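Okay, structure coming up:
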């Protein structure tokens, strides 16, 4: 499985933007970039995914580098409820690869 | 609408006992997954069902672990002769198909004493 590298932790202030980086230098052309987050004492929650183009949804934006070797999850205005572990996962959506391979993720702390 | 539910939320058992953990997926979701999460780690894949059959059980750690999904909806993860190392949060997820985003339940925290 292609691997991702994320910082162990990041800190932000409430109502400020947050940029969570992810490196995936061994990504293949058919790998999608998925982001999940896990709030304390809850199961992971899908955030967003993309292949090549930048993506936006109600939760966040995903910026993908032109060479696809890195990506950034953007929370436009962090709230206290965004404090969670954020996981960047490469997902090959063809063939038989359907399981999510989680790393340790980035623990985001949001200060009031 | 109703999300993925898991019961019990917490289970404490003695070493050597048998336990069953239940997962109710979102209605209509054909794909169901079990993961296990140890403290400070990300979830690890255990088994995947497409309908009633286990399409991939390569993540089950040994033959003490078994899971079923007899009618293609509810699934039960069964652990025989529990060991202290089995203590973890067991997460269930479902999706509309194997290539779509997965919706996770809150997990069952298993403690083996």
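Residue numbers (our numbering), protein chains in the order written: chain F, 1 to 112; chain H, 1001 to 1113. Positions of the beta carbon are idealized from the N, C-alpha and C atoms, including for glycine. Keep in mind that this is a model prediction, so the values were computed, not measured.
Report task. Express the C-alpha separation of residue 41/F and residue 1026/H in angstroms, rounding to a whole number. Result -> Against the second chain, residue 1026/H aligns to sequence position 26. Against the first chain, residue 41/F aligns to sequence position 41. Answer to the nearest angstrom: the Cα atoms are 20 Å apart.
Query raised in the report: Is residue 1064/H near the ligand FAD, going by C-beta to nearest heavy atom under 7 Å?
Result: Absence of the ligand FAD is noted for the structure shown, with no ligands found whatsoever.
Requested in this report: Measuring alpha carbon to alpha carbon, tell me which of 1048/H, 1043/H, 1018/H ends up nearest residue 1030/H.
Outcome: The sequence position of residue 1030/H within the second chain is 30, counting from 1. Selected option, being the one with the closest Cα: 1048/H.
Query raised in the report: Can you check whether the CB of residue 12/F is closer than 8 Å to the CB of residue 110/F?
Result: Sequence index remark: in the first chain, residue 110/F carries index 110 (1-based). Sequence index remark: in the first chain, residue 12/F carries index 12 (1-based). In this structure, residue 12/F lies closer than 8 Å to residue 110/F by Cβ.
Query raised in the report: Should the segment 1048-1062 of chain H be regarded as contacting the segment 1011-1023 of chain H, the criterion being three or more beta carbon pairs within less than 8 Å?
Result: no
**Report entry** Inter-residue spacing [alpha-carbon to alpha-carbon] between residue 107/F and residue 1079/H
**Finding:** If you number the first chain from 1, residue 107/F lands on position 107. If you number the second chain from 1, residue 1079/H lands on position 79. Whole-angstrom Cα-Cα distance: 31 Å.
**Report entry** Between the CA atoms of residue 25/F and residue 4/F - distance to the nearest angstrom
**Finding:** Residue mapping note: residue 4/F aligns to position 4 of the first chain, counting from 1. Residue mapping note: residue 25/F aligns to position 25 of the first chain, counting from 1. About 8 Å.
**Report entry** Backbone secondary structure at residue 1039/H - three-state DSSP
**Finding:** The residue given as residue 1039/H occupies position 39 in the second chain. If DSSP states are grouped into helix, strand and coil, residue 1039/H belongs with coil.
Report task. Within the segment 43-72 of chain F, note down every full beta strand (DSSP E) run reaching 3 residues or more, in order along the chain. Result -> 45-50, 61-64
Requested in this report: Throw me the rounded Cβ distance for the residue 18/F and residue 36/F pair, which I believe falls under 8 Å.
Outcome: Counting from one through the first chain, the residue named residue 18/F turns up at place 18. Counting from one through the first chain, the residue named residue 36/F turns up at place 36. About 16 Å; that fails the 8 Å criterion.
Query raised in the report: Residues in the segment 41-62 of chain F with C-beta within 8 Å of chain C's C-beta atoms, listed in sequence order?
Result: Chain labels in this structure do not include chain C; the protein chains are F and H.
Query raised in the report: According to DSSP, what are the bridge partners of residue 84/F?
Result: The residue you call residue 84/F lines up with position 84 of the first chain. Paired residues: 108/F.
Query raised in the report: Taking C-alpha atoms, which residue in 1111/H, 1084/H, 1104/H lies nearest to residue 43/F?
Result: Here the question's residue 43/F lines up with position 43 in the first chain. Considering only alpha carbons, the answer is 1104/H.
Query - Range of the contiguous beta strand (DSSP E) that encloses residue 37/F - result: Here the question's residue 37/F lines up with position 37 in the first chain. Element bounds for residue 37/F: 31-38.
Query raised in the report: What's the call for residue 71/F, buried or exposed, on a 16-neighbour Cβ count within 10 Å?
Result: If you number the first chain from 1, residue 71/F lands on position 71. Buried, since its Cβ has 16 or more Cβ neighbours within 10 Å.
Requested in this report: Given a cut-off of 8 Å, decide if residue 1068/H and residue 1087/H are closer than it, judged by their beta-carbon atoms.
Outcome: Reading the second chain from its first residue, position 87 is the one you call residue 1087/H. Reading the second chain from its first residue, position 68 is the one you call residue 1068/H. Going by C-beta atoms, residue 1087/H is not nearer than 8 Å to residue 1068/H.
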